[in-house]
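Below you'll find the structure, written out as structure tokens, and then a few comments.
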Amino acid sequence: MSICTAVKALVVCVLLASLTVSGLSHADVGRPPREAGSHSGRFLEEEYADQLGLEAETLATIHTIVEEARRQGKALGAQLHQAYIQMRALLSEEMPDTDAVMKLADTIGSLELAERKNRLQAMLQIRSLLSPEQRQGLIRLQGEFSMRRRFEDQQACQADSANLCPNAASGRARIQCLRDHFETLSEACRAALQTRRGDGHGP
642 MSICTAVKAL VVCVLLASLT VSGLSHADVG RPPREAGSHS GRFLEEEYAD QLGLEAETLA
702 TIHTIVEEAR RQGKALGAQL HQAYIQMRAL LSEEMPDTDA VMKLADTIGS LELAERKNRL
762 QAMLQIRSLL SPEQRQGLIR LQGEFSMRRR FEDQQACQAD SANLCPNAAS GRARIQCLRD
822 HFETLSEACR AALQTRRGDG HGP
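In this note's numbering, the protein residues as written are 642 to 844.
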């Protein structure tokens, strides 16, 4: 079996598995596509730009990079969202068309790769604008930022977690449970989960 065929088969297996897990495919398909972009770029624009000593010209360039990444990410996210809806419909048929499923698996894989490359390109472009000292400072500040945001996320989803996921262990199981019940979450918890999906590491 070729690598390409193996990858397509894996994508289909994952999607098939999602249909057998209660609530998972509904949560993934029903959720509106998140706004994509560079997490590092948003962090620089919204937090600590002064502490890192970024000049106005550098910050303006970062803003341009982030806006372009967001624009491309939004378009890719919308296409991926529709592709998953189409795949779910195909796999829900009694006898799915194998060729159609495999072709759509190719499309989904390409879109997911394009999303990752879009974020990575923005991160590398931003990194190239920073001095070594600024990069180290950013990594430190992002660590503090992530810890604070995790605490805020926990606060935002505390009631939802207690009501919907009382038996879920802490960490990934709790987050997955909340995502499975995305449509019934409070607005604050939804926002926290959507923001969390954009987490990344510093340049």
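Each residue gets a CB set at the ideal place from its N, CA and C atoms; glycine is no exception.
- In terms of Cβ geometry, Leu834 and Arg815 do not form a close pair [threshold 8 Å].
- The straight-line gap separating the alpha-carbon atoms of Thr702 and Asn804 is approximately 45 Å.
- The C-beta distance from Arg776 to Arg768 rounds to 6 Å, short enough to meet the 8 Å contact threshold.
- Pro773 sits in a helix when the DSSP states are folded into three classes.
- Secondary structure at Gln692: coil, using DSSP grouped into helix, strand and coil.
- About 6 Å separates the Cβ atoms of Leu693 and Leu779, confirming a contact at the 8 Å cut-off.
- Using a C-beta cut-off of 8 Å, the region 729-747 makes no contact with the region 759-766, since fewer than three inter-stretch Cβ pairs fall below that distance.
- Of Leu826, Phe823, Thr705 and Gln720, the smallest CA-CA separation from Glu753 is found for Gln720.
- Annotation: Val707 to Ala716 spans about 14 Å, alpha carbon to alpha carbon.
- For His822, the CB contacts under 6 Å within the same chain, skipping 5 residues up- and downstream, are Leu805 in chain order.
- Each of Arg813, Asn808 and Ala797 was checked against the Cα of Ser827, and the nearest Cα belongs to Ala797.
- The straight-line gap separating the alpha-carbon atoms of His722 and Asp738 is approximately 20 Å.
- In the displayed model, Ala741 falls within a helix according to three-state DSSP.
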